[in-house]
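**Student:**
There are 2 protein chains.
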Amino acid sequence: MQIVEMICEKILTRTWLEGDKIPSVRELAVSIEVNPNTIMRSYAYLQEKGIIQNKRGIGYFVAEHAHDDTLDLMKFNFIKNDLPLFFKTISLLNIDFEELKERFNKFEKGKEKDEDKQ
Amino acid sequence: MQIVEMICEKILTRTWLEGDKIPSVRELAVSIEVNPNTIMRSYAYLQEKGIIQNKRGIGYFVAEHAHDDTLDLMKFNFIKNDLPLFFKTISLLNIDFEELKERFNKFEKGKEKDEDKQ
DNA sequence: TCTACTGTTCTAGTTGCCTAATACAGTAAA
DNA sequence: TTTACTGTATTAGGCAACTAGAACAGTAGA
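Residue numbers (this note's numbering), protein chains in the order written: chain A, 1372 to 1489; chain B, 1372 to 1489.
#1: Closer than 6 angstroms by C-beta to tyrosine 1431 (chain A): which residues in its own chain qualify, once you throw out the five before and the five after it? Chain order, please.
#2: Whole angstroms is fine: what's the gap from threonine 1460 (chain A)'s alpha carbon to glycine 1428 (chain A)'s?
#3: Pull out every residue of the stretch 1372-1403 of chain B whose Cβ sits closer than 9 angstroms to any Cβ of chain A, in chain order.
#4: Given a cut-off of 8 angstroms, decide if histidine 1438 (chain B) and isoleucine 1382 (chain B) are closer than it, judged by their beta-carbon atoms.
#5: How would you list, in chain order, the residues of chain A whose beta-carbon sits under 8 angstroms from the beta-carbon of lysine 1446 (chain B)?
#6: Isoleucine 1461 (chain A) lies in the alpha helix (DSSP H); which residues open and close that run?
#7: For the stretch 1456-1475 of chain A against the stretch 1447-1462 of chain B, are there 3 or more C-beta pairs whose distance is under 8 angstroms?
#8: Return the Cβ separation of lysine 1420 (chain A) and leucine 1444 (chain A) in integer angstroms, given the expectation that the two are a contact with Cβ distance under 8 angstroms.
#9: Would you list, in chain order, the members of the stretch 1427-1445 of chain B that have their beta-carbon closer than 7 angstroms to a beta-carbon of chain A?
#10: Is valine 1433 (chain B) buried or exposed, if buried means 16 or more other CB atoms sit within 10 Å of its CB?
#11: Nearest to proline 1455 (chain B) by CA position, among A:Asp1440, A:Arg1397 and A:Lys1482, is which residue?
#12: Just checking: is the beta-carbon of leucine 1417 (chain A) within a distance shorter than 8 angstroms of some beta-carbon in chain B?
#13: With a cut-off of 8 angstroms, does the C-beta of lysine 1472 (chain B) fall near any C-beta of chain A?
#14: Let me know the beta strand (DSSP E) ranges lying completely inside the stretch 1402-1441 of chain A, each 3 residues or longer, listed in chain order.
#15: Would you please verify whether the beta carbon of threonine 1460 (chain A) is less than 8 angstroms from any beta carbon of chain B?
#16: In this structure, what does DSSP give as the bridge partners for lysine 1392 (chain A)?
#17: Tell me which residues share the same chain as serine 1395 (chain B) and place their Cβ nearer than 6 angstroms to its Cβ, disregarding the 5 neighbours each side in the sequence.
#18: Cutting at 6 angstroms between CB atoms, please list the residues of its own chain near glutamate 1389 (chain A), excluding the five before and the five after it.
#19: Should phenylalanine 1458 (chain A) be labelled buried (16 or more other beta-carbon atoms within 10 Å of its own) or exposed?
#20: Can you give me the Cβ contacts of isoleucine 1374 (chain B) inside the same chain, cut-off strictly under 6 angstroms, excluding the 5 residues immediately before and after it?
#21: If lysine 1472 (chain A) and phenylalanine 1468 (chain B) are in contact, beta carbons under 8 angstroms, what's the gap, nearest whole angstrom?
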């Protein structure tokens, strides 16, 4: 699932565009130092979700509408699973929504600096 | 770690007060259907963090200042680990902070209803 | 056709974490 | 002292997910 999220991120940030060939099972396996079988399972999952497509003997490719589909899928899971847990936690820790907003602004500022460096 | 969080939650919500005896290793093991050894590891971790104390042959007890210490510990971990990931995700999914606030308000309203039922 | 890529499948072995079962030890009350 | 709780420790085993290594199959280009 960590691998799946890594791939989704590439698609959402438009690092990988629709129609692009993505790394081969073996290639990605080497670069992130896991077993090809593990990559296969991740790719199979994403193919099932219609986010990537496979041409046997050639490789895997980012599907049409992958960006929007990924966004829908991730947003759905986020709202269903992560958000309730998150709200429960900030409620439990008595964290103010204003404090949250401040920290988020700081976070976004940090990102701008990263972009400036590149 | 799920067990640890469950216990922290009991302390934060003042379900278990400082000085209270908490369920014995075996008792809790039976009630949540895990092995006593698993509970032991959780209790050992919390003892190491100074949140619970142990009296051999008698049981485990909620330590003095456990509420504040738990709050500090959880808040520290939350800000260090969960929050950056959370911000990254809402940024990636392009979720507006206003939308977040609305969903949080809805969440809080849902809690009020739960409290009314009790 | 041959070569070098791709995906796909299979078996065997490793690892981490949990379970199961048992034993030993400290404490308190009958 | 006995009983019935506590915590603590050890050993063996199960299970899920991964690794390791190999084999087979489709595709494209030299």
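Glycine is no exception: its CB is placed at the ideal position from the N, C-alpha and C atoms.
**Tutor:** Straight from the coordinates:
#1: Ile1393, Tyr1414, Ile1423 and Asn1425
#2: 47 angstroms
#3: Cys1379, Glu1380, Leu1383 and Thr1384
#4: yes
#5: Leu1464 and Ile1466
#6: 1454-1463
#7: yes
#8: 6 angstroms
#9: Leu1442 and Met1445
#10: buried
#11: A:Lys1482
#12: no
#13: yes
#14: 1423-1426 and 1430-1433
#15: yes
#16: A:Phe1432
#17: Gly1430
#18: Val1433, Glu1435 and Ala1437
#19: buried
#20: Ser1413
#21: 6 angstroms
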